[in-house]
Amino acid sequence: MRTIINEMKLRLPAISVNESVCRSVISAFLAELDPTVEELGDVRLAVSEAVTNCIVHAYRDIPSGECGNIYISVRLYNTREVSIEISDNGCGIENVEEAMKPMFTTGDGTERCGMGFLVMESFTDALNVKSKRGKGTTVLMRKFLKSSAEGEK
Ligand SMILES: Nc1ncnc2c1ncn2[C@@H]1O[C@H](COP(=O)(O)OP(=O)(O)OP(=O)(O)O)[C@@H](O)[C@H]1O
Ligand SMILES: [Mg+2]
Numbered sequence: 024m025r026t027i028i029n030e031m032k033l034r035l036p037a038i039s040v041n042e043s044v045c046r047s048v049i050s051a052f053l054a055e056l057d058p059t060v061e062e063l064g065d066v067r068l069a070v071s072e073a074v075t076n077c078i079v080h081a082y083r084d085i086p087s088g089e090c091g092n093i094y095i096s097v098r099l100y101n102t103r104e105v106s107i108e109i110s111d112n113g114c115g116i117e118n119v120e121e122a123m124k125p126m127f128t129t130g131d132g133t134e135r136c137g138m139g140f141l142v143m144e145s146f147t148d149a150l151n152v153k154s155k156r157g158k159g160t161t162v163l164m165r166k167f168l169k170s171s172a173e174g175e176k
């Protein structure tokens with residue numbers, strides 16, 4: 024039976040310094056499952072993209088000087104599954120299906136290239152995005168870590 028062996032919740036302001044904070048905290052939390060370097064790298068990349076989206080897009084319409092939050096929930100299971108939920112209560116996404124297509128971006132073409140969701144999808148085992156206009160966005164990612172014996176191969 025699948026059971027939760029450890030769980031963490033975090034709330035941080037959506038400011039750019041917290042991208043690396045989220046990455047580091049989640050990496051440290053996963054250490055208990057002894058992931059491979061590759062698995063850890065995958066999770067760090069996916070987390071970076073989801074958190075960056077909260078920072079860059081979610082609160083783009085709020086008055087300057089105000090700051091929204093990033094909400095993170097991580098669960099580790101006895102089956103070596105990791106679930107990572109990253110949410111905001113920002114502007115939401117008009118059309119999730121379209122937003123998830125490679126190269127789709129509402130950002131200016133110089134800094135953003137519309138590859139964030141593709142990275143999240145490619146480096147995790149499952150990705151689910153829920154969003155409501157004016158309410159916010161929730162990204163749920165799952166990663167199934169290899170057993171220690173498989174990891175040594
Ligand atoms: N948390 C969010 N809140 C509001 N809109 C979002 C959020 N996450 C993504 N989006 C929308 O989805 C689009 C696609 O996101 P994606 O991460 O794939 O690309 P990007 O952020 O535009 O560029 P890149 O990630 O390559 O720098 C964004 O341009 C934005 O319009
Ligand atoms: Mg992005």
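According to this note's numbering, the sequence shown is numbered sequentially starting from 24. The C-beta atom is built at its ideal place from N, Cα and C for all residues, glycine as well.
Just curious, the beta strand (DSSP E) that residue i is in, first and last residue?
i, result
"Met123", "Counting along the chain, Met123 falls outside any beta strand (DSSP E), and DSSP gives it neither H nor E."
"Leu150", "149-155"
Please name the residue, chosen from the options, that lies closest to residue i on a Cα-to-Cα basis.
i, options, result
"Met24", "Arg103, Arg165, Glu117", "Arg103"
"Val48", "Ile28, Thr129, Tyr82, Val70", "Val70"
"His80", "Leu68, Gly157, Met31, Ala54", "Gly157"
"Leu68", "Val60, Arg46, Ile78, Arg83", "Arg46"
"Asp111", "Val66, Ile38, Ser171, Ser50", "Ile38"
"Leu163", "Ser170, Lys155, Glu144, Ser171", "Glu144"
Which same chain residues end up closer than 7 Å to residue i when comparing Cβ atoms and leaving out the 5 residues on each side of it in sequence?
i, result
"Val76", "A quick correction: the sequence has Asn, not Val, at residue 76. Result list for Asn76: Gly139, in chain order."
"Met123", "Phe140, Val152"
Which partner residues of residue i appear in the DSSP bridge assignment?
i, result
"Phe167", "Glu104"
"Pro36", "Asn92"
"Gly159", "Lys155"
Only counting the same chain, and skipping five residues up and downstream in sequence, which positions put a Cβ closer than 6 Å to that of residue i?
i, result
"Lys168", "Going by the sequence as given, residue 168 is Leu instead of Lys. Once the five neighbours on either side are set aside, the close Cβ partners of Leu168 are Leu56, Pro58, Glu62, Arg103."
Considering residue i, what are the terminal residues of the alpha helix (DSSP H) in which it resides?
i, result
"Asn76", "60-76"
"Val142", "139-145"
Can you give the beta carbon distance from residue i to residue j, rounded, assuming they're within the 8 Å contact cut?
i, j, result
"Thr147", "Gly137", "That belief does not hold up - the Cβ atoms of Thr147 and Gly137 are roughly 18 Å apart, past 8 Å."
"Ile109", "Ala73", "4 Å"
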